[in-house]
Each structure stands twice: as structure tokens, then as C-alpha cells.
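Asker:
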Amino acid sequence: MTETSAFRTDRYELTMVDAAIQSGTAARECQFEAFARHLPSGRRYGIVAGTGRLLDLIRAFRFTDAELTWLRDNRVVREPTIAWLADYAFRGTIWGYREGEAYFPGSPLITVDGTFAECVILETLILSVLNYDSSVASAAARMVSVSLGRPLAEMGSRRTGEYSGVAAARAAYIAGFASTSNLEAGRSWGVPTMGTAAHSFTLLHDSEEDAFRAQIAAFGPATTLLVDTFDVAAGIELAVRVAGPALGSIRIDSGDLPTRVAEARSQLDSLGAVNTHITVTSDLDEFSIAALSASPVDAFGVGTSVVTGSGSPAAGMVYKLVAHRDDAGDWVPVAKTSPAKSSVGGRKRAVRRLDSAGIARAEVVLIGEDPADSTPPAEPSGRDRVLLVPLITDGVIDESYLGAAGTTRARAHHAAVMQELPIEAFRLGRGDPVIPTLYR
């Protein structure tokens, strides 16, 4: 990324820095923390996503002459702050949950150590990435869990912003989706891409048969033909007649899907197309996918629901100052105490408590401890897995979390994490978090 990300932020981040520089507190060593007070929509777990994107954006968080001139012309901050921003680069340390990890209320997903000024200025960026990407990944994980191993394609770019469409495709892939329709997600993050034709391609031609023949001529009989532009049964009969029994797949995008899918499977088999797959789309979410669990569906395409977090477009994460050093150099815990918006002060690290079978039983947040401490606390009744890993150390980013390789690594980690969750985590009905968060 060559574009600066410095203006993807709120004005008050810079005005806080401005006031802190004037008061002499800007250089005070602090720890900030990103966490969620609760899970959205009564869900039982959340999934962390966006870390790889965030690290790229932090690297690109620089104030060039263009940004500094705009700030000066619009009198946003004073000249001493302009000079400080001109030299800004994050030189602190960030620990975080690995991308693809499950999280729960109070999980310290990101801890940011450094001066007040260099940490607070990243607040908007950190929250905008983690809130959206984690919301998408959390919804996508629920869809994957009820798809019973059948592949899902992310197809929601037209239902969100042009930049968030790329982020959503990446987050859904980390959570287990097989592919995306978004080309930029393929180029930037290595997400497999897919897509053949929409209804407009059929309507372009003089007949449905002409459209099918044109598509097969271009892509071969293994392509996917969209059969519901006019009449599904007639479309299936025509598709098999034109492509032959080696037709790769049909797509159905409308109607009473359980009924239509059953009828389509029976018709395909009667026409000898026993290996032709059935893909369904049509405003699917985790509930409609679950309702199709007994149907002979081979693949799903999901759009609006996944890119909007299936009703929860933001994960509800916040970013709070939890500790700072005093004049004697000691760490002082600080916390917000407002009703319904309280936070838990103090430096923290976290472990996932597992039972003897390797199933998660609690999220244990250890208050007043250094996140760099990788020693699991003694617990004779089970095992503990350390959750925080170093993402940036003294300003140096761990490159293993970046790019297509980092995305693949996050996807693999997510798959392993899901094996740890209790079976109750995969119920779709509203409920409490599947494991408790314990503060020690």
C-alpha cells in the first residue's frame, strides 16, 4: 500500500494529541485496549478479522505535505502538533489475538503500548477495521457451520462500499468461505475468485438457448448455467440438452428454494446429469442455509447478509486507555465507570482455558500482567492456550501476518479454533456466550 491512511480517522484523535502536546502529557507511556463489551445479536462467539489489513494501514499511517497543509489551512491543530505529525510513525508495540481467533466479551483483542499520542491517534483506524471485518467474519463463520461442508461463495460487493467489499471478501474467506466474486480480493489477498453470468447475459440474447450456447462456447460444459430467468424446469431441460450430461452446475436464484432444489435434482438425474451440481443464491443467510441442510444443494452463494454482518454490521468493539505510567514509572490502571459502558482497567494478557479433551471452557483475562508473558497460569483441571501474539514490536511489523500468505495463515488458524468450541456454540438461536469470561 502506497497511499497514506492518516486521514482515515476522526478529527478528535488529532485534537487530543494537540492538547496533550500542549499540556506535556503526550509522551506519557500508555496501554490502550480494543475489546467488545458484548457480542452482537445474542451470539455465542465472535471471530477476529482484519488484523492483516490493519497492520498494512498502520504502516501507511503517515502525514505527507498534502495532509499537513490541509490541517494547517483548516486550523485543526497548532504548529507544534503539525511538526510532530510530520515525523509520525508508530514506534510502539502491539499485541493481539491472531486473526481468525474466536473472541468473547472482554477479550483484549488488541493491546497497544506506546506514548499517549502515538497510540490514541490510531483509535479510529483500529476500530473501523476490526469492527467491520470481525462482524463479517462472525456472520460468515455461522454460515459455514450450518453449510455442512458444502462450499460458500461470497457475492456481496454490490451490497456494500467499494472498499468494504474487498474487506468483506477477505474476512469471509478467513471464516471458511471458499471463494469470492471480488477480483481485488483475489489480487490483494489471494482469495479464490469465481463467477460466470447473471440474468442480463441471458436477456441480452435472442433466446435462452442462444445464451447457454454462447456461455458453453466460451467456458465449456463444466460452466454454471443460470436456469431461473424464465422457467426453472424448462431452463434445466434446455441446459442439459445444450451442454450434455457433463454440465458442471446449474444456479437457482429465486423461488421456494427447498422445493425447487428437490425438483431440480430429480429432473437432472432423470436427464442423466447425475453429476451436475446445484448452486443456490437468492438473499441467503445462516438461517436459510440451515433450512436447506436436508436439500440436495451442492454450493451456496451469499451476498447482502454476509457483507452486512447478517444484521450486525459492526461488532461493537471499543478502544480504551487501560493503564499509564505515573511520574515514578509505575503502571497505574485506569477505567471508565459510566453505567453500561464500564471497562476493566489494567494491563492484561489472556488465555483460553481448555478441558482435557481440548474443548474451550473459559476465557481467562489476567489483570495486571504483561501481554509478553507467555507462561500459562497453573490450572490442574485443564490446559490453557495463550491468546495474545506480538503483531508490532518497537515499530516493526511481523510480516507473517501480511498479504495473501497472512490471509491463508489466518484461515487455517480459524479452522483449528472452531474445533475447540463447545457444540453449543453452533446453535443459531439467541443465547449467551458459549464460554464465560473470567477476570483474575
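Sequence positions in the sequence shown follow UniProt numbering and run 1 to 440. Glycine is no exception: its CB is placed at the ideal position from the N, C-alpha and C atoms.
Extract the residue ranges of the beta strand (DSSP E) inside the stretch 180 to 239, only unbroken runs of 3 or more that lie entirely within it.
Answerer: 224 to 226
Asker: What is the C-beta distance between Gly190 and Thr407, in whole angstroms, given that I count them as a contact (C-beta under 8 Å)?
Answerer: Translated into the one-based positions of the sequence shown, residue 190 becomes position 190. Translated into the one-based positions of the sequence shown, residue 407 becomes position 407. About 6 Å; that satisfies the 8 Å criterion.
Asker: Name the DSSP bridge partner or partners of Cys30?
Answerer: As a working mapping, residue 30 is identified with position 30 in the sequence shown. The partner list for Cys30 (beta bridge, DSSP) reads Gly114 and His324.
Asker: Cα-Cα, which of Thr115, Trp95 and Glu162 is closest to Thr25?
Answerer: Looking up residue 25 in the sequence shown gives position 25. That would be Thr115, whose Cα lies nearest to the Cα of Thr25.
Asker: Would you say Gly406 reaches chain D, if we count a Cβ-Cβ gap shorter than 8 Å as a contact?
Answerer: As a matter of chain content, chain D is missing from the structure shown, which is built from one protein chain.
Asker: Measuring alpha carbon to alpha carbon, tell me which residue in Pro40, Gly46, Ile47 and Glu118 is nearest Arg62.
Answerer: Translated into the one-based positions of the sequence shown, residue 62 becomes position 62. Nearest Cα to Arg62 within the set Pro40, Gly46, Ile47 and Glu118: Glu118.
Asker: Could you check which residue in Leu225, Gly248 and Val48 has the C-alpha nearest to that of Thr202?
Answerer: The sequence position of residue 202 within the sequence shown is 202, counting from 1. For Thr202, the closest of Leu225, Gly248 and Val48 by C-alpha to C-alpha distance is Leu225.
Asker: Leaving out five residues before and five after Thr223 in sequence, what residues of the same chain have Cβ atoms less than 7 Å from its Cβ?
Answerer: For the purposes of this step, residue 223 is identified with residue 223 of the sequence shown, where counting begins at 1. Counting only Cβ-Cβ distances below 7 Å, and skipping sequence neighbours, we find Thr196, Gln215, Ile216 and Gly248.
Asker: Thinking just about the alpha-carbon of each residue, which of Met418, Glu67, Val417 and Val240 is nearest to the one in Arg8?
Answerer: Within the sequence shown, residue 8 is the residue found at index 8, counting from 1. For the residues Met418, Glu67, Val417 and Val240, the minimum Cα distance to Arg8 belongs to Glu67.
Asker: Please report how far the alpha carbon of Ser23 lies from the alpha carbon of Ala34, in whole angstroms.
Answerer: Looking up residue 23 in the sequence shown gives position 23. Looking up residue 34 in the sequence shown gives position 34. If I take the Cα positions, the gap works out to 26 Å.
Asker: Does the Cβ-Cβ distance between Arg44 and Val434 come in under 8 Å?
Answerer: For the purposes of this step, residue 44 is taken as residue 44 along the sequence shown, with counting starting at 1. For the purposes of this step, residue 434 is taken as residue 434 along the sequence shown, with counting starting at 1. Taking 8 Å as the Cβ cut-off, Arg44 and Val434 qualify as a contacting pair.
Asker: Quick one: using the 10 Å Cβ neighbour count with 16 as the cut-off for buried, is Ile423 buried or exposed?
Answerer: Along the sequence shown, one-based indexing puts residue 423 at 423. Classification of Ile423: exposed, given that the 10 Å Cβ count is below 16.
Asker: Measure the C-alpha to C-alpha separation of Glu99 and Ala49 and round it to an integer number of angstroms.
Answerer: What you label residue 99 is simply residue 99 of the sequence shown in a count that begins at 1. What you label residue 49 is simply residue 49 of the sequence shown in a count that begins at 1. Rounded to whole angstroms, Glu99 to Ala49 spans 5 Å at the Cα level.
Asker: My understanding is that Val307 touches Val280, with C-beta atoms under 8 Å, so please give their C-beta distance in whole angstroms.
Answerer: Translated into positions along the sequence shown, residue 307 becomes position 307. Translated into positions along the sequence shown, residue 280 becomes position 280. With a Cβ gap of about 18 Å, Val307 and Val280 do not count as contacting.
Asker: Would you kindly work out how many angstroms separate the C-alpha atoms of Met1 and Thr160, rounded to a whole number?
Answerer: Counted from its first residue, the sequence shown places residue 1 at position 1. Counted from its first residue, the sequence shown places residue 160 at position 160. A caution first: Met1 carries a pLDDT of 43, below 50, which makes its placement in the model unreliable, though a value can still be read off. Going from the Cα of Met1 to the Cα of Thr160 covers about 22 Å.
Asker: Using alpha carbons as the reference points, say which of Ser179, Arg187, Ser207 and Ala185 lies closest to Met194.
Answerer: For the purposes of this step, residue 194 is identified with residue 194 of the sequence shown, where counting begins at 1. Closest by alpha carbon: Ser179.
Asker: Give the C-beta separation of Lys336 and Lys320 to the nearest angstrom, bearing in mind that I take them to be a contact with Cβ-Cβ under 8 Å.
Answerer: On the sequence shown, residue 336 is found 336 positions in, with the first residue counted as 1. On the sequence shown, residue 320 is found 320 positions in, with the first residue counted as 1. That belief holds up - the Cβ atoms of Lys336 and Lys320 are roughly 6 Å apart, short of 8 Å.
Asker: Measuring straight from C-alpha to C-alpha, what distance separates residue 489 and His205?
Answerer: The displayed coordinates of the chain run from 1 to 440. Any statement about residue 489 would go beyond what the structure contains.
Asker: Nearest-angstrom Cα distance between Met143 and Asp285?
Answerer: Locating residue 143 in the sequence shown gives position 143, where the first residue counts as 1. Locating residue 285 in the sequence shown gives position 285, where the first residue counts as 1. A straight-line Cα-Cα distance of about 7 Å links Met143 and Asp285.
Asker: Can you give me the C-alpha to C-alpha distance between Pro192 and Ile174, rounded to a whole angstrom?
Answerer: Against the sequence shown, residue 192 aligns to sequence position 192. Against the sequence shown, residue 174 aligns to sequence position 174. Taking the straight line from one Cα to the other gives about 12 Å.
Asker: Assign Glu79 to one of two classes, buried (16 or more other C-beta atoms within 10 Å of its C-beta) or exposed (fewer than that).
Answerer: Position 79 of the sequence shown, counting from 1, holds the residue named residue 79. Classification for Glu79: exposed.
Asker: Do you know whose CA, among Leu14, Arg37, Gly46 and Arg11, lies nearest Val417's CA?
Answerer: Sequence index remark: in the sequence shown, residue 417 carries index 417 (1-based). Residue Gly46 holds the alpha-carbon nearest to the alpha-carbon of Val417 among Leu14, Arg37, Gly46 and Arg11.
Asker: Going by the beta-carbon positions, is the gap between Asp253 and Ser282 smaller than 8 Å?
Answerer: Taking the sequence shown and counting its residues from 1, one reaches residue 253 at position 253. Taking the sequence shown and counting its residues from 1, one reaches residue 282 at position 282. Closer than 8 Å, so yes.
Asker: Using a Cβ-Cβ cutoff of less than 8 Å, which residues in the same chain neighbour Ala290 once the five nearest sequence positions on both sides are dropped?
Answerer: Here residue 290 refers to the residue found at position 290 of the sequence shown. Here the set comprises Val146 and Leu428.
Asker: Tell me, to the nearest whole angstrom, how far the beta carbon of Asp10 is from that of Thr81; I am working on the premise that it is less than 8 Å.
Answerer: Taking the sequence shown and counting its residues from 1, the one referred to as residue 10 is at position 10. Taking the sequence shown and counting its residues from 1, the one referred to as residue 81 is at position 81. For Asp10 against Thr81, the beta-carbon gap comes to about 15 Å, at or over 8 Å, which does not count as contact.
Asker: Considering only the beta carbon of each residue, do Gly52 and Leu402 sit closer than 8 Å?
Answerer: The residue given as residue 52 occupies position 52 in the sequence shown. The residue given as residue 402 occupies position 402 in the sequence shown. Cβ atoms of Gly52 and Leu402: closer than 8 Å.
Asker: Could you give the distance in angstroms between the alpha-carbon of Gly210 and the alpha-carbon of Leu268?
Answerer: Within the sequence shown, the letter at position 210 stands for residue 210. Within the sequence shown, the letter at position 268 stands for residue 268. For clarity, residue 210 is Asp in the given sequence; the question names Gly instead. Asp210 and Leu268: Cα-Cα distance of roughly 21 Å.
Asker: Give me the Cα-Cα distance between Tyr439 and Leu39, rounded to the nearest whole angstrom.
Answerer: Counting from 1 along the sequence shown, the entry for residue 439 is found at position 439. Counting from 1 along the sequence shown, the entry for residue 39 is found at position 39. So the alpha carbons of these two residues sit roughly 17 Å apart.
Asker: Can you list, in chain order, the residues of its chain with a C-beta nearer than 8 Å to that of Pro333? Leave out the 5 residues immediately preceding and following it.
Answerer: Along the sequence shown, one-based indexing puts residue 333 at 333. Excluding residues within five positions, the ones whose Cβ falls inside 8 Å are Val322, Ala323, Gly345, Gly346, Arg347, Ile367 and Gly368.
Asker: Taking its Cβ as the centre, do 16 or more other Cβ atoms sit within 10 Å of Gly303, making it buried, or is it exposed?
Answerer: To locate residue 303, count along the sequence shown from 1; it is residue 303. When all chains shown are included, Gly303 counts as buried.
Asker: Tell me the DSSP secondary structure of Gly52 in three-state form.
Answerer: In the sequence shown, residue 52 corresponds to position 52, counting from 1. Reduced to three states, the DSSP call for Gly52 is helix.
Asker: Are Arg91 and Asp394 close, meaning C-beta to C-beta below 8 Å?
Answerer: Taking the first residue of the sequence shown as position 1, residue 91 is located at position 91. Taking the first residue of the sequence shown as position 1, residue 394 is located at position 394. Their beta carbons are under 8 Å apart, which means Arg91 touches Asp394 by this criterion.
Asker: My guess is that residue 450 and Ser135 are in contact by the Cβ rule of under 8 Å, so how many angstroms apart are they, rounded?
Answerer: Any question about residue 450 goes unanswered here, given that the chain covers just 1 to 440.
Asker: My parser needs the beta strand (DSSP E) runs of 3 or more residues fully inside the stretch 336 to 409; what are they?
Answerer: 348 to 354, 360 to 367, 383 to 386 and 388 to 393
Asker: Here's the rule: buried if 16 or more other CB atoms are within 10 angstroms of the residue's CB, otherwise exposed. What is Thr375?
Answerer: Residue numbering aside, residue 375 sits at position 375 when the sequence shown is read from its first letter. Exposed.
Asker: Going by the beta-carbon positions, is the gap between Pro390 and Trp70 smaller than 8 Å?
Answerer: In the sequence shown, the residue the question calls residue 390 occupies position 390. In the sequence shown, the residue the question calls residue 70 occupies position 70. Not closer than 8 Å, so no.
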